[in-house]
Every structure is written in structure tokens, then in C-alpha cells.
Amino acid sequence: MPGGVRTLDRMPSLLPLYGRAGLAAVPGTGLLGRLPLVPGPRGRELPPEGLSVAGVATDASALAAYCRACGLTLRNEIPATWPHVLSFPLQMALMSAGSFPFPLIGLVHLDNEIVQRRPVGLGERLDLEVRATGLRPHPKGRAFSLLVRARVGGEDVWEERGTILHRGAGDPGAEPEAGPDPPGDDVPDSAEWRLPGDLGRRYAAVSGDRNPIHLHPLAARALGFPRPIAHGMWTKARALAQLEGRIPSAFRVAVSFRRPVLLPGTVRFAASARGRDLAFAVRGSGRERPLHLAGELSPPA
Amino acid sequence: MAVPEPAYVLGSNRIPFARSNGPYAKASNQDLLTAALDGLIDRTGIAGERLGEVAGGAVLKHSRDFNLTRESLLGTRIAAETPAYDVGQACGTGLETAILVANKIALGQIESGIACGTDTTSDAPIAVNDDLREILLEANSARSTLDRVRALARFRPGQLAPEIPRNSEPRTGLSMGEHTAIMAREWGIPRRSQDELATASHRHLAAAYDSGFEDDLVTPYLGLERDQNLRPDSTVDSLGKLKPAFGGEDGTMTAGNSTPLSDGAASVLLGTAGWAEGHGLTPLARFVDAETAAVDHVTAREGLLMAPAYAVPRLLARHGIGLRDFDLYEIHEAFAAQVLCTLAAWEDPVFCRERLGLDEPLGSIDREKLNVRGGSLAAGHPFAATGGRIVGNLAKLLHERGGGRGLISVCAAGGQGVVAILEA
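Which chain is which? The protein sequence lines are A and B, in order. Counting from 1, position 258 in the first sequence corresponds to residue 260 in our numbering; the numbering is continuous, with no gaps. Counting from 1, position 249 in the second sequence corresponds to residue 258 in our numbering; the numbering is continuous, with no gaps.
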């Protein structure tokens, strides 16, 4: 990754970050800029500097709760989506900084690609690094990439690239982001997930991702959704749980979040082989089968 | 027509056993069993293989785990086309799964299979109180809202008291420890003998870990590398200080000479010699034969855990061999007193004549050959996992010594006993 990196002594605590993000979202708080602890004016560019924390350990109880919430088996190797959760406070710290060009609340996760270079043991300590890069025009606003990298003693073991959208004045001429193609419509659904209304709160508790659109109907409505929506990263983890036993030790898994999954709700899962890859999708259970998530599991690049 | 072929133990794997609410407190039975299978698959290189079957089980099971073994298998890299089923015979479950798989192999119905078991006393199923369960069932099946309200109106806060599984016999209400205390008194098993057996168990298992013997039997899980219950420094003196846990104030059974509630899982790969060769595996020991027995503990005609004392002579008679014709003995140490009562019974002319119908007592065994790499007192006893631990352990021991015969004896709740012979 290009650019410098600022190394923190320890993983930042999430609560103050939420306070900062929440305050920054309130219009007019710019006036408070002269007070201490209140963010200054927003920057125009993404921060050139990344954030990192060394030697991050996995707490087995926390992982067990995460696995339970996502339908994953608690094994000696951590799930491929777990370093995302481990690095989440760093991501928050980066994006809730006052100089970050966009307010955190309202950012939309468009797609997510994870590459696992090798299985990562539960006892291994990860050096995690987070960076925002590639600010670009998007038909519905502006997008950027959030990169996370996990290393063990200098060895690259895991990477993540998420595309984040700040909704606003879009550029109609901008190239739409290419994502994985779902399996064809002729591929029958192989599983049904009945999602409870409190799924967002459950996942928030195990992942630390307490974005209000996932938590409560009122909060979701205030942010433009009729009901709370499932976390995209829950849906991705749940899809990997569905594929458990068919996942090689090194792989790339890319998903695009096409349409929010409203809670409570019922969605269906389908998967089919496509050459060396495995295409999968999460669709609505109605006759229209609206596409919520399209994904692809493939050998690592 | 299938040709009968002997079944061999080809390898085994277990996770270290943890004490209840220890490192595996948040892991489910399915997590534990999957971990044991993961290690077995890695060790034996059977990823992607379609096996004849996987038989497994757990004694304490959630209702959602109705297909526990199959569901665990589906999370592993064994081919999804491998069938699986759950078995339940209390603490005999693990050994019974090995018998079932070995029998099918011996009949030529399958060429390979896995026998396994798991248990967690930390993530144990808790059921709602029976009264509340009835109300909920009735409300669920009610046809009108009024009926539903009527059903739910019968709810009383006291019904929230959950039904927690107890380690007690349904027909006697006595815990297994209390039953064994009765046996220990009947057979006059002294406290010191029990503590000596427990000390030997810890000493042998500690030595097994130190010498590397466990390296290809155990795969660490969730950071635990050795059985958590193992106390290498246990002595007869230190165990002698513990207060009686069963049998009243003058009881001889303590927390030190009884197995603790534990969490863990174990698995064993079995197959024909031909299948082993085709997969680059070495047959460790032949699964020769097995016998199960049961006693009437309900009317107190026999002690709850005495069934192995009946199963073994029947198995010996079938093979025309004596109790001393073994190089190794693996007797599950549910309680030190259970092992010692069994040994005492086989030495007792009256018991052997009147209860077993034998002219001569079976005799005594060379205690140097008993549980030579430790037993359940040291390792812990996650109920359905114990059989797999013992089969894997004994098969390796027999293979290492270049031949020999070993006896396995496991007592189980409900007055049952499961025993087997392995040979290399």
C-alpha cells in the first residue's frame, strides 16, 4: 500500500468514535469547531495516511459469539470475515476523523472482496493496517476503497477491499463498479434463511458495527429505510457459513451488496460452479427474487 | 456377495478435553466434533474422500442437534456424499460407534468409516419447565386467539424454572457418583486404593504428553494443548486431603478419584486393509470383537456400573481366552471405584460363580498393563468422546509394541457396559 501509516498503541475504543461520528453528523456542529474534542473542518481528499495496530489477538469467546451469530463453526482457524471485525475499530477511527471527507453515518458499503492467503490460526496475532484510497466519481455520488491488510510476522495472510459510497451529486458518466455476476436465474435456491427482526442488534453486539440503520426501525426510517437492514458483512459471513466444507485453504471471496435485506425477512441462497469459481447469490424469497447479494469464491489472484 | 474383511483402526484424533466452563465454554457440540474431525482429516489425508459412513453421538444433546454427526460432517472437508448417523448409549456411545462402523466393515457393507463422539457440559441443553412446555405447545396449536390467550393465561412465573440436565439415573434419582459409592461400599474398596489409581492415571498421562506419545492423537483446540484436568503433580497424599463427594461423610469417593464434568470430542478412522493401502495408511490394530451387557440396577440386584464385569467374560468365552491373555487393558475410569469394583468382582469366586456362572474366578490382571497412558481420571470424560479416546490410544499402543492384544471396557448409565478387543 502506498503512503505513510500511523501506528496506534492499541485498538481504539469504539464508543468515543461513535460519539464523534454522531456529532459530526449533526448539521451546524461546525460552529463548535473551536471547542476541544470537536472535529475540525472536513478535508477534500482521503487521508493519505493509513492506521495500523500490531499484534491484535483473537478472544475465543468473542469469536464464538460471532460464529454463533453468523452460523459459522468455531474452529482452530478464524473465519475469513473475522479480521474485518478485528480491524473494524481502525476502520471507524479512520473514517470518523474530522478531516475525513465524508460523514461516517450515511456511507454505503457497495462491495467487499477478501483474499485469504492461508488459513489463519485462532492464536495468531495479526498486524492490521487500514487505509482509504481511490476517491472516484460514481453514478450515485462519490466512491472510495477501504483497504485492510493483515500480516503475521511480516507475512501477508489476509486482505480486504471494500468499496464505500457517499451518496450525493453523482456523475452520470462514471463507470458503474463491476462486481461478481450471480449464478444464473435457472440455478435453484438451495437454502432459505429466516432472519429475525433483532438480527441487526445481534450482529452489532458481536461485531461492534452499531450503525443505527441495522438496529431499530425508527433509526432505520430516519435514514431512509422502511425497516432495519441486515449488515452486509453478516450476509457475507452467513454465505461463507453456507459454503463451509467447500472452501479451500487459500481463496478470494468477492461480493457486491445489490439491495438491502430488510429485517425481519426471509431470503434464499443459491450457488453454482462456474469454471474454477463458485458463484453464489442471496435473493428475496418472493416471485420476483430480487437480488440482494452476488458473490464469487475463486482461487486467490 | 460382499466378502467379510477385518476392520482396522487406521488413525484417530481428539481435541484436548477441557473442564466444564473452561476454554470450550462457548463452543457447541457441533464445534467440538467438527474440530476433532478436522484434525483427523488432516492427519490421515482423507479430505475430499467419500467414506462408507460416519457414526457419532453426544450424550447431552440439544433438540436442534437431531442430526449432529451429519451436520458436523457437512462442515468438514470429508465428501458431503458420506452418510452419517447419531448413536446414543450414554457413556458407551463412543465405543458403540466404533463397534457399529467396524461391524459394517467386517460384513463387507462399507470399506471405511469414522467413529466419533462429543460432549459438552458447558453448552448443555436446558429445557423449559414441563408445565410451561405444555402451555406453549397448547398455545401454539390453538385455533383461535381466545384459545391462545386462555392457554397463556395459565402461565405462572414459577414455571420459568428451567430443567437443567442432571447427572442422575432417571429410575433411581441417584447420581452416578452415589450409585458408585454404594458399589464401593459393597466391595469394600478403600479410599487409598482409589487415590492410588487416580495418581497413576495422572502420572501416566503426563508422561504420555511429555514423551510425545499424544502428538499424533491430540490436536490443540481454542488454545488448549493438553487435557485441562491433568495434574501431573497429583500424589496419594494430596488427593488424600480431599473431602468425600459421594457416599456421605465417611464416603471414599472424592473429586480427585471421580471424573469431572468435561467438554471434548474424539474420532477414529476405521477401514479394511485394502482401503488403508489405497490411501497410504497403516493399519494400527484390528477391531476384533465387542460385547455389550446390561444389569438390573433399578431393583438393586446389581450395581449401576457393574455391567462391564458381565460383558467381558462373555466376550472372553466367545474367543476361548482368559482375562490374563491380554497385553494391555483400557478400563474407562468413570470413577476409580468403578475400575476397582470391576477388578475385585473378577477376582471374587462367589461373584464369578453366582453372578457370572463360572467355575473359576476370572482372576486378577497385571496392574502394570492397565491404562498405561492414563485414563479418564486424568484426561477428563466428555461422555461420548471417551470411547474414541480409548480406541485411538490402544490401537497406537498395540501398533507401537509390534503386536499384542488389548481389552477395552467402558461402563455407561442405565446399568450398561460396552467392551471390545483390539489386536495388532
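We put the beta carbon where it would ideally sit given N, CA and C, even for glycine. From a predicted model like this one, the values you see are computed outputs, not experimental measurements.
At the 8 Å Cβ level, is residue i part of the contact set with chain A, yes or no?
i, result
"Lys35/B", "yes"
"Asn336/B", "The residue you asked about is not Asn; residue 336/B is Asp in the sequence shown. False, the Cβ-Cβ gap to chain A never drops below 8 Å."
"Pro269/B", "no"
"Arg86/B", "yes"
"Gly232/B", "yes"
"Gln39/B", "yes"
"Ala44/B", "yes"
"Ala294/B", "no"
"Asp51/B", "no"
"Pro32/B", "yes"
"Ala89/B", "yes"
"Asp47/B", "yes"
"Leu83/B", "yes"
Contact check, residue i vs residue j under 8 Å by CB: the rounded distance?
i, j, result
"Cys100/B", "Ala422/B", "6 Å"
"Leu265/A", "Asp279/A", "In fact, because the Cβ distance is near 30 Å, the residues do not count as touching under 8 Å."
"Thr106/B", "Gly126/B", "6 Å"
"Ile215/A", "Ala207/A", "With a Cβ gap of about 16 Å, Ile215/A and Ala207/A do not count as contacting."
"Leu69/B", "Pro134/B", "6 Å"
"Ala433/B", "Gly413/B", "6 Å"
"Ala217/B", "Arg382/B", "4 Å"
Using the beta-carbon count (16 or more within 10 Å), is residue i buried or exposed?
i, result
"Glu177/A", "exposed"
"Leu17/A", "exposed"
"Ala389/B", "The sequence shown places Gly at residue 389/B, not Ala. Buried, since its Cβ has 16 or more Cβ neighbours within 10 Å."
"Leu520/B", "No statement about residue 520/B is possible, as the shown extent of chain B runs from 10 to 433 and does not include it."
"Arg159/B", "exposed"
"Val150/A", "buried"
"Gln39/B", "buried"
"His140/A", "buried"
"Pro50/A", "exposed"
"Arg295/B", "buried"
"Ala180/A", "exposed"
"Gln244/A", "buried"
"Gln118/B", "exposed"
"His188/B", "buried"
"Ala404/B", "buried"
"Ala309/B", "exposed"
"Phe75/B", "exposed"
"Ser54/A", "buried"
"Thr78/B", "buried"
"His328/B", "exposed"
"Pro323/A", "With chain A running from 3 to 303 in the structure shown, residue 323/A is simply not present."
"Leu104/B", "buried"
"Asn3/B", "Missing from the structure shown is residue 3/B; chain B here goes from 10 to 433 and no further."
"Ser89/A", "buried"
"Thr102/B", "buried"
"Gly115/A", "Looking at the sequence shown, residue 115/A is not Gly but Glu. Buried."
From the beta carbon of residue i, is the nearest beta carbon of chain B less than 8 Å away?
i, result
"Thr83/A", "no"
"Arg240/A", "no"
"Asn114/A", "no"
"Asn213/A", "no"
"Glu246/A", "yes"
"Ser63/A", "yes"
"Ala67/A", "yes"
"Arg278/A", "no"
"Arg204/A", "no"
"Arg223/A", "no"
"Thr75/A", "yes"
"Leu124/A", "yes"
Ignore the nearest five residues each way along the sequence and tell me which others in residue i's own chain have a CB closer than 8 Å to its CB.
i, result
"Asp139/B", "Glu172"
"Leu349/B", "Ala193, Trp196, Ile198, Ser202, Gln203 and Leu206"
"Ala254/B", "Gly186, Gly260, Met262, Thr263, Ala264 and Ser267"
Excluding sequence positions up to five away, which residues of its chain have a Cβ less than 6 Å from the Cβ of residue i?
i, result
"Val304/B", "Glu311, Met315, Ala316 and Gly424"
"Ala66/A", "Leu76"
"Leu37/A", "Its pLDDT being 42, under 50, Leu37/A is placed unreliably by the model, and nothing is read from it."
Which residues in the same chain as residue i place their Cβ atom closer than 7 Å to its Cβ, once the five residues preceding and following it in sequence are excluded?
i, result
"Leu293/A", "Pro184, Arg260, Arg261, Ala283 and Arg285"
"Ala170/B", "Asn138"
"Thr165/A", "Leu112, Asp113, Ala145, Ser147 and Glu179"
Is residue i near the ligand NAD, in the sense that its beta carbon is under 7 Å from a heavy atom of that ligand?
i, result
"Gly126/B", "Absence of the ligand NAD is noted for the structure shown, with no ligands found whatsoever."
Write down every uninterrupted run of the beta strand (DSSP E) in the stretch 41 to 114 of chain A whose length is 3 residues or greater and which is fully enclosed by it, in chain order.
-> Whole beta strand (DSSP E) segments, 3+ residues: 52 to 58.
Segments assigned beta strand (DSSP E), at least 3 residues, entirely inside the stretch 120 to 151 of chain A | Within the stretch 120 to 151 of chain A, the runs of beta strand (DSSP E) that reach at least 3 residues and sit entirely inside it are, in chain order, 128 to 140.
What runs of the beta strand (DSSP E), each 3 residues or longer, lie entirely inside the stretch 173 to 246 of chain A?
-> Restricted to the stretch 173 to 246 of chain A, the beta strand (DSSP E) segments that are unbroken, complete and at least 3 residues in length are 193 to 197, listed in chain order.
Taking only runs of the alpha helix (DSSP H) that begin and end inside the stretch 49 to 137 of chain B, which ones reach a length of at least 4 residues, in chain order?
-> Annotation: the stretch 49 to 137 of chain B contains the following complete segments of the alpha helix (DSSP H) (minimum length 4 residues), in chain order: 77 to 83 and 102 to 115.
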